[in-house]
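Numbering (UniProt numbering), first residue to last: 1 to 540.
Quick notes on the structure that follows.
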């Protein structure tokens, strides 16, 4: 359960659809129709002109997913017309050159969240549309993109909401406790139980009817077999009777001929007996040859069947051995990658701690400037009276006689449950000549980062230095992936970037920063490759 809780926290993006106070949370949705989006849709520098609406089967699957989410969270989904405003909009596009199976936007109070599905990947439609609905409701990707415990991963074998996804949605929307929602949930559960009982009864009736039909079919087959057997026996008796009659007629003729021609009777009789014996012998030989041919064909058919069965078993055995070998190779490769990532993380953590030691050791002596800082932060962070008094009496007043280091101030805040200061905030109280060379080092040692979603920021807030003393080139400054993501998201919120530019920077820089450490010069070069104006940079 702890694993599910932690994964649910990891999935929450922090944005959600709001609701009016005292009302049940209701989200509207609609489907793309021919009179909707008659122009091309722009994404990643591409125009998608081949848009289409959901098929009946796609709508049924989408409706079942929304019903399941409504049952689990208390949300209510209502279908509206194509000309009405909605929270969610579903549509298809076709792109055989793109590897993206679909995409959606996070909840937005001012715009509808469009959910687009690439028809080139319809064979896995349920997985894709469930994944994109999760984005539209406020869920993000798992850190491990192959995590099998969430539909928000890229594991194609997971096409339904998992425990962590359900828990994250419940936490985002608080499992709406409105009485109307609770009654609707109970009513839906009762309706689903009644439907399940009716389906079970119908299934039992179908099974009983199938059993009865199979019995009738067996009885009819048995009766037909008996009739055919009787018909064959009757035909055989009739044939015997006809042969007897023929023999009797031959004998009568022979007797008549013997009476008419006594001289030739004996000779003719002998010739007829001889011819009859030859014919019988020939018939027996033909019957024997036919039986031998039938036996030979049966043996050949049996040998061919055994050969094919043996060949099939050999193919299945070779396939199983190849599958086992590939699985072992994939497991070994995955373990090696995990071990390499852990080594890199440990190495990076040790380097960051060493770089921050010089900043944390700086001493603060200006008690008046510190007092002004805590007054400003009291209004910004909403300090309680108790927290403000602790900082004033135990830090600001004592600072007149005893200076404090940045580490000592933040350790005191952490012990007394007070929001921590960033290194830049405390370094601003120190004269420039007394500051360490890495003044603009991002504080990753425990103090909170700047709020990159409000106020003005620049690219310098995204790097940490390689060395204590900066060199001439900006190659000595390395970009931090987490802070850089907040940096470009802030630019998007301030309308400095379009959604297309944001997506380009996110895919080509932010995602690569997780595995590759870029310097400022390298990031500037990638901005030029993407055709986007680089942000402002500064150096001391």
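Every residue, glycine too, gets a C-beta built ideally from N, C-alpha and C.
Pull the bridge partners of residue i from the DSSP assignment, please.
i           : result
residue 114 : 89
residue 221 : The partner list for residue 221 (beta bridge, DSSP) is empty, contrary to what the question assumes.
residue 308 : Beta-bridge pairing links residue 308 to no other residue.
residue 363 : 405
residue 563 : Outside the displayed range of the chain (1 to 540) lies residue 563, so it cannot be described from this structure.
residue 102 : 117
Residues in its own chain within less than 6 Å of residue i by CB, not counting five upstream and five downstream?
i           : result
residue 136 : 88, 104, 113 and 115
residue 296 : none
residue 250 : none
residue 527 : 534
residue 165 : 150 and 151
residue 455 : Because residue 455 carries a pLDDT of 37, less than 50, the predicted location of this residue cannot be relied on, and the following value inherits that uncertainty. Answer for residue 455: no residue qualifies.
According to DSSP, is residue i part of a helix, a strand, or is it coil?
i           : result
residue 158 : coil
residue 508 : helix
residue 405 : strand
residue 54  : coil
residue 146 : coil
residue 29  : strand
residue 75  : coil
residue 519 : strand
residue 134 : helix
residue 320 : helix
residue 291 : helix
residue 497 : coil
residue 18  : coil
residue 532 : coil
residue 83  : coil
residue 428 : coil
residue 276 : helix
residue 421 : coil
residue 338 : helix
residue 95  : coil
residue 244 : helix
residue 261 : coil
residue 576 : The structure shown does not extend to residue 576, since the chain is modelled only from 1 through 540, so no value can be given for it.
residue 384 : coil
residue 226 : helix
residue 297 : helix
Measure the C-alpha to C-alpha separation of residue i and residue j and round it to an integer number of angstroms.
i           : j           : result
residue 82  : residue 28  : 11 Å
residue 376 : residue 370 : 10 Å
residue 461 : residue 507 : Unreliable positioning characterises residue 461 in this predicted model, as indicated by a pLDDT of 45, which lies under 50. The coordinate reading is nonetheless provided below. In a straight line, the C-alpha of residue 461 is about 20 Å away from that of residue 507.
residue 54  : residue 65  : 15 Å
residue 289 : residue 282 : 10 Å
residue 93  : residue 58  : 13 Å
residue 6   : residue 199 : 38 Å
residue 417 : residue 329 : 49 Å
residue 203 : residue 209 : 10 Å
residue 101 : residue 343 : 33 Å
residue 76  : residue 98  : 34 Å
residue 245 : residue 222 : 35 Å
residue 262 : residue 242 : 29 Å
residue 509 : residue 85  : 35 Å
residue 406 : residue 491 : 30 Å
residue 542 : residue 430 : Limits of the chain in this structure are 1 at one end and 540 at the other, which puts residue 542 out of reach.
residue 488 : residue 523 : 12 Å
residue 194 : residue 201 : 11 Å
residue 33  : residue 51  : 10 Å
residue 518 : residue 485 : 13 Å
residue 211 : residue 220 : 14 Å
residue 141 : residue 171 : 17 Å
residue 80  : residue 60  : 16 Å
residue 73  : residue 143 : 24 Å
Spatial neighbours of residue i within its chain, please: C-beta separation below 7 Å, excluding the five flanking residues on both sides.
i           : result
residue 45  : With a pLDDT of only 48 at residue 45, under 50, the local geometry of the prediction cannot be trusted, and no value is derived from it.
residue 363 : 403, 404 and 405
Cβ of residue i versus every heavy atom of the ligand GDP: is any distance shorter than 8 Å?
i          : result
residue 81 : The model on display carries no ligand, and the ligand GDP is accordingly not part of it.
Against chain D, with Cβ distances strictly below 9 Å, would residue i count as a contact?
i           : result
residue 419 : Absence of chain D from the displayed structure is noted, only one protein chain being present.
I'd like the list of long-range same chain contacts for residue i, defined as Cβ closer than 8 Å, with 5 residues on each side in sequence excluded.
i           : result
residue 148 : 155, 157 and 158
residue 361 : 405, 406 and 407
Would the segment 146-162 count as touching the segment 128-135 if we require 3 or more Cβ pairs under 8 Å?
In short, these stretches touch, since the Cβ pair count reaches three.
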